[in-house]
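What follows is one structure encoded as structure tokens, with my remarks underneath.
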Amino acid sequence: MKKRPLIAGNWKMYKTASEAVTLVQTLKAAAHAVSNVTIVICPPFTALSEVSRVLKDSPIHLGAQNMYCAPEGAFTGEISPMMLKDSGCRYVILGHSERRQYFKEDDILIHEKVKTALKYSIIPIVCVGETLAEREAKKHFDVVKAQFADSIGRLEKEDIPKVVIAYEPVWAIGTGKTATPDQAEQMHSYIRRLLNERYSQEVGSRIPLLYGGSVKPDNTKSLMEKPNIDGALVGGASLKAESFAQIIQEAQQTYETGNKS
Ligand code: PGA
105 MKKRPLIAGN WKMYKTASEA VTLVQTLKAA AHAVSNVTIV ICPPFTALSE VSRVLKDSPI
165 HLGAQNMYCA PEGAFTGEIS PMMLKDSGCR YVILGHSERR QYFKEDDILI HEKVKTALKY
225 SIIPIVCVGE TLAEREAKKH FDVVKAQFAD SIGRLEKEDI PKVVIAYEPV WAIGTGKTAT
285 PDQAEQMHSY IRRLLNERYS QEVGSRIPLL YGGSVKPDNT KSLMEKPNID GALVGGASLK
345 AESFAQIIQE AQQTYETGNK S
């Protein structure tokens with residue numbers, strides 16, 4: 105039996121607060137027809153509070169795109185877990201490849217952030233994934249294994265069930281080049297194995313593994329049909345209510361059909 109899918113929208117550095125409100129109002133209306141998908145949207149920090157107000161009484165959850173690993177302090181320009189909670193966030197994306205690439209975040213820092221998020225009861229969506237050069241050099245499994253070991257695998261057994269993992273091959277992000285469902289499934293089942301070996305089969309089977317990288321309405325079904333793909337982290341296609349709503353519907357249909365057969 106497949107897990108209830110989780111579809112998260114990563115809005116990146118797009119949408120002012122008023123644009124965010126307009127988008128989320130449309131999404132909120134579309135979400136009424138959805139009962140079998142966990143929906144998360146991650147707008148920029150400046151829109152969180154307003155979006156949270158619009159989402160009141162809606163099944164859509166709010167997430168942030170980053171967070172610092174201290175509860176408060178002299179960290180100019182950073183955002184704390186307490187601030188995220190105060191803004192209505194239940195999730196936070198951590199270790200996105202754009203954070204790793206442009207802001208030099210490493211697995212040690214990401215691990216600290218993951219631990220802090222868990223301490224404040226915020227669900228971390230931890231991203232891992234290889235670059236094109238690493239895949240071409242056939243190092244993709246080693247890269248993901250090391251990212252997993254350093255950012256996630258150092259968590260205690262009692263903390264790991266609260267984590268969501270997103271596999272996002274860097275070469276598929278914003279490029280229109282999706283990993284094929286088979287390529288994605290191969291890595292997802294590898295990550296599942298890492299979880300099983302480090303923790304237990306029971307734990308491994310419970311952790312949602314999302315795929316991210318050019319997810320669109322027309323490739324959602326083929327990805328979501330794969331046994332170890334439990335959802336998607338969607339960038340570009342989450343910026344339009346229509347395409348994001350379609351992705352959610354595809355995920356719901358695939359889940360319902362899969363669990364019937
Ligand atoms: P994309 O982005 O869907 O635009 O490829 C995914 C992500 O970066 O999370």
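Okay, so the sequence shown: first residue is 105 according to our numbering, each after it adds one.
Here a beta-carbon is modelled for each residue, glycine too, at the ideal position from N, C-alpha and C.
Computed from a prediction, not measured in an experiment: that's the story for all the values here.
Taking a 10 Å sphere around the C-beta of Ser201, we find 16 or more other C-beta atoms and assign the residue as buried. Within the same chain, and ignoring the five residues on either side of Glu176 in sequence, the residues whose Cβ sits closer than 6 Å to its Cβ are Ser184. For Leu198, the pairing in a beta bridge is given by DSSP as Val230. Relative to the ligand PGA, the beta carbon of Ser347 is positioned no closer than 7 Å to any heavy atom. As far as DSSP is concerned, Gly280 takes part in no beta bridge. By the beta-carbon neighbour count (other beta carbons within 10 angstroms, threshold 16), Ser122 is exposed. Here Leu166 is bridged, per DSSP, to Ile145. Residue environment for Met291: buried (at least 16 other C-beta atoms within 10 angstroms of its C-beta). Closest in C-alpha terms to Ile145, from the list Glu329, Lys119, Thr279, Gly113, comes Gly113. Remark: the shortest separation between the CB of Ile277 and any heavy atom of the ligand PGA falls under 7 Å. Look at Ile111 here: in three-state DSSP terms it is strand. The C-beta distance from Val218 to Ser255 rounds to 6 Å, short enough to fall under 8 Å.
Under the three-state reduction of DSSP, Ile269 is assigned to strand.
Shown here, Gly362 sits in a helix according to DSSP, grouped into three states.
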